[in-house]
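Single-structure report; data block below.
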Amino acid sequence: MAERRMFKKSVIESDAFLDMPSSTRLLYYDIGMMADDDGFINNIKRIIRMTGASEDDLNVLIARSFVIKFESGIIVIKHWKMHNYIKKDRYKPTIYQNERNMLELINNEYFFNPTGIIDLSNAFIESAETPNIQEKIIKDTESNQNVSVVDTESNQDGYVGKDRLGKDRLGKDRLGKVSLGKVNKNNKTKSAVVFSKIFEENNLSQMITESLQEFIEHRKQIRAPMSELAIKKMIKKLSAYDEITQIKMIDKSIENGWKGVFDIDEKNTNKPAVNNNNKTKSSNKFINFEQRDNDYDAIEKKAMQMLLAENKEKEDSG
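Residue numbers (my numbering): 100 to 417.
See below:
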């Protein structure tokens, strides 16, 4: 997941944004800093406590159409794609695919679309081009034309966030048509959706979820993709440890190229095996040379006796 977050000046300097209380604006900034790469948050209550904000501040953001709240409690920033363009090599799709499928991305702005009907009355008008786009969408909807999907996930520069209206996308759909009833699922594999459901069912924290996603990607890179059963067993094994230990175990497996996760002391490839049979009594020896078994105390004692005897002879002769 990308580490940097940005905010578009035309959004946060708008009258609609600046008219809100300072506590509401601070809450918006904190949500933006902690959201995933698609602008989703699953711990809004914790962020409210950390920020010192209140439920009223969140309600203001919802009423002013700066965030969208789902029945599941998940929050998404409405103008996320305006704020952040994330490179594909750093982009990680949100795990909240059920909520993502209820949204339509039009002109880099999320719209709630569970039924195929979009309310454009609160759309953010950034330039003179925007009203024309909205007028065209409404016109196509009224004429019940079959239309293609907005390209929500990529652009020519390899960044995630920019969308392109009126491009060829599905089947025989052509220029000038925008889909309101279906969401583009080209970038959403079946396995990703399955894993997302497993994560939600096990009520995993965002940190554990991100670590597991990294491990799943690691398994793909070593050409050993994980099955649904494998990820379930792995989560069950990790559940015996605290959250910090779980993350350490996952990180260590990725660093060492392992296919599974192990207790921190269970598998340590950094310590080579030692053959106790080849050990000598003393570890003080040179490579390829055997240590001599000499009694240095006895040698020193004998040398001292010889020195004393020599001195005595000189005294007697003098």
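Ideal placement from N, C-alpha and C gives every residue a C-beta, glycine not left out. No experiment lies behind these values; they were computed from the predicted model shown.
Collapsed DSSP secondary structure at residue 195 in the structure displayed: Within the sequence shown, residue 195 is the residue found at index 96, counting from 1. Reduced to three states, the DSSP call for residue 195 is coil.
Same chain only: Cβ atoms within 7 Å of residue 145, ignoring 5 sequence neighbours per side: By 1-based counting over the sequence shown, the position of residue 145 is 46. Excluding sequence neighbours, residue 145 sits near nothing in its chain.
C-alpha distance - residue 297 paired with residue 140, whole-angstrom precision: Against the sequence shown, residue 297 aligns to sequence position 198. Against the sequence shown, residue 140 aligns to sequence position 41. Going by the C-alpha atoms only, they are around 18 Å apart.
Does DSSP put residue 114 in a helix, a strand or coil? As a working note, residue 114 is residue 15 in the sequence shown. Note: residue 114 maps to helix in three-state DSSP.
Could you check the C-alpha separation between residue 341 and residue 307 for me, to the nearest Å? Mapped onto the sequence shown, residue 341 falls at position 242. Mapped onto the sequence shown, residue 307 falls at position 208. In this model, residue 341 and residue 307 are separated by some 11 Å (Cα to Cα).
How long is the line joining the alpha carbons of residue 164 and residue 359, rounded to whole angstroms? In the sequence shown, the residue the question calls residue 164 occupies position 65. In the sequence shown, the residue the question calls residue 359 occupies position 260. Rounded to whole angstroms, residue 164 to residue 359 spans 44 Å at the Cα level.
Should residue 318 go down as buried or exposed, given a rule of 16 or more other Cβ atoms within 10 Å for buried? As a first step, residue 318 is located in the sequence shown; it is residue number 219 there, counting from the start. Counting of Cβ neighbours within 10 angstroms places residue 318 among the buried residues, the total reaching 16 or more.
Buried or exposed for residue 364, going by 16 or more other Cβ atoms inside 10 Å? As a position in the sequence shown, residue 364 is number 265, starting the count at 1. Counting other Cβ atoms within 10 Å of its Cβ, residue 364 stays below 16 and is therefore classed as exposed.
Alpha carbon to alpha carbon, how far is residue 349 from residue 343? Give it in angstroms, no decimals. Start at 1 with the first residue of the sequence shown, and residue 343 comes out as number 244. Start at 1 with the first residue of the sequence shown, and residue 349 comes out as number 250. In this structure, the straight-line span from the alpha carbon of residue 343 to that of residue 349 is close to 10 Å.
With distance defined between alpha-carbon atoms, name the residue in 104, 150, 132 nearest to residue 183. Here residue 183 corresponds to residue number 84 of the sequence shown, with the count starting at 1. Ranking 104, 150, 132 by Cα distance to residue 183 puts 104 first.
Could you tell me which residues DSSP pairs with residue 208 in its beta bridges? As a first step, residue 208 is located in the sequence shown; it is residue number 109 there, counting from the start. Bridge partners of residue 208: 205.
Compare the C-beta of residue 335 against all C-beta atoms of chain C and say whether one is closer than 9 Å. Structure shown: chain C not included; a single protein chain is present.
With DSSP run on the structure shown, which of helix, strand or coil describes residue 360? By 1-based counting over the sequence shown, the position of residue 360 is 261. Three-state result, residue 360: coil.
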